[in-house]
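Quick notes on the structure that follows.
Residue numbers (our numbering): 855 to 997.
This is the structure we're talking about:
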């Protein structure tokens with residue numbers, strides 16, 4: 855009869871793994887997971903008296919760590935000589951799932967401007983999740 859023997863070097867990693875699993879460290883808690891992305895971002899013209907503004911909407915997060923949302927905007931002038939796309943700049947922080955951009959405009963050089971929006975979640979500690987996909991709208995003055 856042949857006996858198999860296991861050395862301490864072989865058993866130690868197995869014992870450590872068992873300890874962590876039994877102690878509850880084997881899985882990820884929600885706080886260990888990255889914050890979620892924002893989905894369903896859409897940009898459109900406001901209606902009625904708000905037709906000269908842009909309304910940005912998105913899906914609400916179901917993650918309990920999410921306390922609010924940060925809205926970022928970039929722009930690119932459209933004209934006979936197109937402008938360059940700007941960097942994304944923070945526009946607002948909100949608890950809602952929509953943002954009314956009242957700061958849209960056109961210029962003589964750029965009679966239309968392409969506005970881009972991205973949203974990120976904000977946790978209670980101020981940390982932010984990844985940027986959403988871009989939503990964009992071409993804005994021209996209301997005639």
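Heads up, the beta-carbon is just placed ideally off N, CA and C, and yes, glycines get one too.
Candidates the options: closest to residue i by CA position
i           : options            : result
residue 977 : 926, 949, 911      : 949
residue 914 : 991, 988, 993, 890 : 890
residue 899 : 981, 956, 979, 961 : 956
residue 981 : 960, 919, 941      : 919
Beta-bridge pairing of residue i - partner residues as DSSP gives them
i           : result
residue 958 : The partner list for residue 958 (beta bridge, DSSP) is empty, contrary to what the question assumes.
residue 986 : Residue 986 is not bridged to any residue.
residue 994 : 966
Close-in-space but distant-in-sequence residues of the same chain around residue i (CB under 6 Å, 5 per side omitted)
i           : result
residue 973 : 892, 895, 912, 923, 925, 986
residue 954 : 907, 909
residue 917 : 890
Own chain partners of residue i with C-beta closer than 8 Å, once the 5 adjacent residues on each side are dropped
i           : result
residue 936 : 930
residue 933 : 963, 964, 965, 966
residue 952 : 909, 910, 911, 912
residue 946 : 924, 925, 953
residue 888 : 983, 984
residue 938 : 930
residue 958 : 906, 907, 908, 967, 969, 993
residue 942 : 926, 927, 928, 970, 972, 985
Contact check, residue i vs residue j, beta carbons under 9 Å
i           : j           : result
residue 971 : residue 993 : no
residue 989 : residue 897 : yes
Same chain, Cβ closer than 7 Å to residue i, five either side skipped, listed in chain order
i           : result
residue 921 : 976, 977, 978
9 Å Cβ cutoff, residue i in contact with chain C
i           : result
residue 914 : Looking for chain C here will not work: only one protein chain is present.
Contained beta strand (DSSP E) runs [length at least 3] in the region 895-983, N- to C-terminal order: Taking only runs of at least 3 residues, the beta strand (DSSP E) segments lying wholly in the region 895-983 are 896-899, 908-911, 920-932, 943-948, 952-955, 966-977.
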